[in-house]
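Trainee: Here the working numbering is used: position 119 in the sequence shown is 167, and no number is missing along the way.
In this text, a Cβ means the ideal position worked out from N, Cα and C, and glycines have one as well.
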Amino acid sequence: EVHGHQTLLVDADIAFGSALLNFNQAADRDLGDALWAEDVDETFLSNIMIPLGDRLELLPSPASLEKATNFETVRVERVLDAIKNSSPNIVIDLPHDWGVLSNHVINEADDVIVVGTPDIIGLRNTKTMIKYLAALRADISAYHYIINNAGIPKRISVSEEEFLQAIGMPPLAVL
49 EVHGHQTLLV
59 DADIAFGSAL
69 LNFNQAADRD
79 LGDALWAEDV
89 DETFLSNIMI
99 PLGDRLELLP
109 SPASLEKATN
119 FETVRVERVL
129 DAIKNSSPNI
139 VIDLPHDWGV
149 LSNHVINEAD
159 DVIVVGTPDI
169 IGLRNTKTMI
179 KYLAALRADI
189 SAYHYIINNA
199 GIPKRISVSE
209 EEFLQAIGMP
219 PLAVL
């Protein structure tokens with residue numbers, strides 16, 4: 049809204065996506081339906097997308113273990129192609145598990161933002177992803193990381209400085 053760009057938010061965490069809850073929405077159809085459909089195009093997706101404002105739409109996750117599976121590459125490619133044609137700006141929230149969907153999105157992305165928590169596991173996972181991205185895509189225009197959930201009381205935290213030392217670049221933001 050601030051930048052005036054039409055944007056599509058895709059909740060790609062098939063099993064545990066929370067965008068519908070976060071935006072207080074409900075959906076009859078979702079990304080899981082698109083991944084299982086035989087014929088997916090922009091029209092199919094537009095019937096699933098939920099408008100959240102003048103310039104933001106949501107392609108929700110089913111948040112369902114029944115639909116959570118490692119989809120065939122051809123299905124993922126077909127849906128991602130339709131997604132690419134449906135909006136000039138696309139933000140895809142990927143799940144923590146690694147499968148065909150996550151791998152394909154990472155390989156196709158113009159920009160990648162890794163979100164890590166300020167603990168030892170979050171540091172390790174963020175470092176692993178940044179190292180993977182650097183090796184995978186020399187042509188990627190940008191990859192960054194954000195430290196999320198910083199400053200929570202009574203929590204053993206890894207500092208922003210420790211992230212900088214371990215990863216070799218500062219975080220894009222600390223939230």
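1. Taking C-alpha atoms, which residue in T165, A63, A157, R103 lies nearest to L223?
2. With H, G and I counted as helix, E and B as strand and the rest as coil, what does DSSP make of V50?
3. Tell me, to the nearest whole angstrom, how far the beta carbon of L107 is from that of D59; I am working on the premise that it is less than 8 Å.
4. Leaving out five residues on either side along the sequence, give the residues of the same chain with a beta carbon under 6 Å from the beta carbon of P99.
5. On a Cα-Cα basis, can you pick out the residue from S109, E49, H53, E86 that is closest to Q73?
6. Put H59 into one of helix, strand or coil per three-state DSSP.
7. Below 8 Å between beta carbons: does that hold for L83 and R123?
8. Closest to R203 by C-alpha separation, out of D167, I178, Y191, would be which residue?
9. Contact defined as beta carbons within less than 8 Å: I believe G147 pairs with A111. What is the distance between those atoms, to the nearest angstrom?
10. Return the first residue and the last residue of the beta strand (DSSP E) that L104 is part of.
11. Mind checking who P99 pairs with in its DSSP beta bridge?
12. Cβ atoms of R126 and Q54: under 8 Å apart, would you say?
13. Look up A221 in the DSSP assignment and give the residues it is bridged to.
14. Whole angstroms are fine: how far does the CA of K179 sit from the CA of I131?
15. Per DSSP, G164 forms a beta bridge with which residues?
16. Suppose the cutoff is 6 Å on Cβ atoms and the five residues either side in sequence are ignored; what does the same chain contact list for L57 look like?
17. First and last residue of the alpha helix (DSSP H) that includes E129?
Mentor: According to the structure data:
1. T165
2. coil
3. 7 Å
4. E105
5. S109
6. Residue identity check: residue 59 is Asp in the sequence provided, not His. D59: strand per DSSP, three-state reduction.
7. yes
8. D167
9. No, G147 and A111 are not in contact; Cβ-Cβ is about 16 Å, not under 8 Å.
10. 104 to 107
11. E105
12. no
13. I194
14. 27 Å
15. I195
16. L106, V139
17. Looking at the sequence provided, one finds Asp at residue 129 rather than Glu. Per DSSP, D129 belongs to the alpha helix (DSSP H) from 121 to 132.
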